[in-house]
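First the structure, in the form of structure tokens, and then the observations on it.
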Amino acid sequence: MGFGFNFFLIFIGLPFFALLLLLWGVTKSSVLGKALAGFAVFLVGFIFCTVLIRWATAKKELEKADYYGEYVVNRNYFKGKQADWQYNSFRFKIKENDSIYFYVTNKEQIVKIYKGTISTKNVANSARLILKMEQPTHHLLTTPPTTYRGAWDFYLVFNSPKFGNVFFKKQAWKPL
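What follows is the structure, encoded as structure tokens:
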């Protein structure tokens, strides 16, 4: 849990619960008993909700197998003709034998294939992608991609000296 949650629980929630328990034990008052039961339900519910929210919003922890699949240019970040052209011109596939095939395309037609291998390095409990491409390679593949993780998915960003950042998402290519 986070600092604020722990602070609340240790310095406010539990002492208040202990005080209610002590007062109820001394007085046996039904009002204090109901308050004690209500506060206990509140604390358990608060803890449950906090754990649930933390689980639902935590960044995805990647393993090497998560990278296997097909990738296309993510046109959601920058819309327009340039993004459409990149989508129709570049895509790649990472296979389970740790090989990568980067395709330069003209829509459906594959014009050139750049081959390489992948490995991963664990950083902050999540695998980061490392490429080893046959030389010469495409300008998009001269630097390793940056992985950005969300709660349920991730995307890769390649830094091209010609285009700047190019965003890829895991998805099969479909004609526009």
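According to our numbering, the stretch in the sequence shown is residues 1074 to 1249, in order.
Glycine residues also receive a C-beta, built at the ideal position from the N, C-alpha and C atoms.
For the 8 angstroms CB-CB criterion, T1220 and L1135 form a contact. N1161: member of the alpha helix (DSSP H) spanning K1154 to S1162, first to last residue. Residue environment: P1209 is assigned as exposed (fewer than 16 neighbouring CB atoms within 10 Å of its CB, all protein chains considered). Taken in chain order, the whole alpha helix (DSSP H) runs of length 4 or more contained in the segment 1082-1129 are 1087-1100. With fewer than 16 other Cβ atoms from the protein chains shown falling within 10 Å of its own Cβ, I1083 counts as exposed. Fewer than three beta-carbon pairs drawn from the segment 1227-1242 and the segment 1172-1189 are found closer than 8 angstroms, and the two stretches are therefore not classed as touching.
Comparing alpha-carbon positions, the option among K1243, P1218, C1122 and L1213 lying closest to R1201 turns out to be P1218. Assignment of G1077 by DSSP, reduced to helix, strand and coil, places it in the helix class. Residue pairing by DSSP leaves L1249 without any beta bridge partner. With 16 or more neighbouring CB atoms inside 10 Å of its own CB, Y1144 falls in the buried class.
Taking the Cα positions, G1086 is about 16 angstroms away from V1124. For N1179, the uninterrupted beta strand (DSSP E) segment begins and ends at S1172 to N1179. Straight-line measurement puts the Cα of V1196 at about 30 angstroms from the Cα of V1177. A Cβ-Cβ contact shorter than 8 angstroms links V1146 with F1163. Unbroken beta strand (DSSP E) runs of no fewer than 3 residues, entirely contained in the segment 1211-1246, are found at 1219-1222, 1227-1233 and 1237-1243, following chain order.
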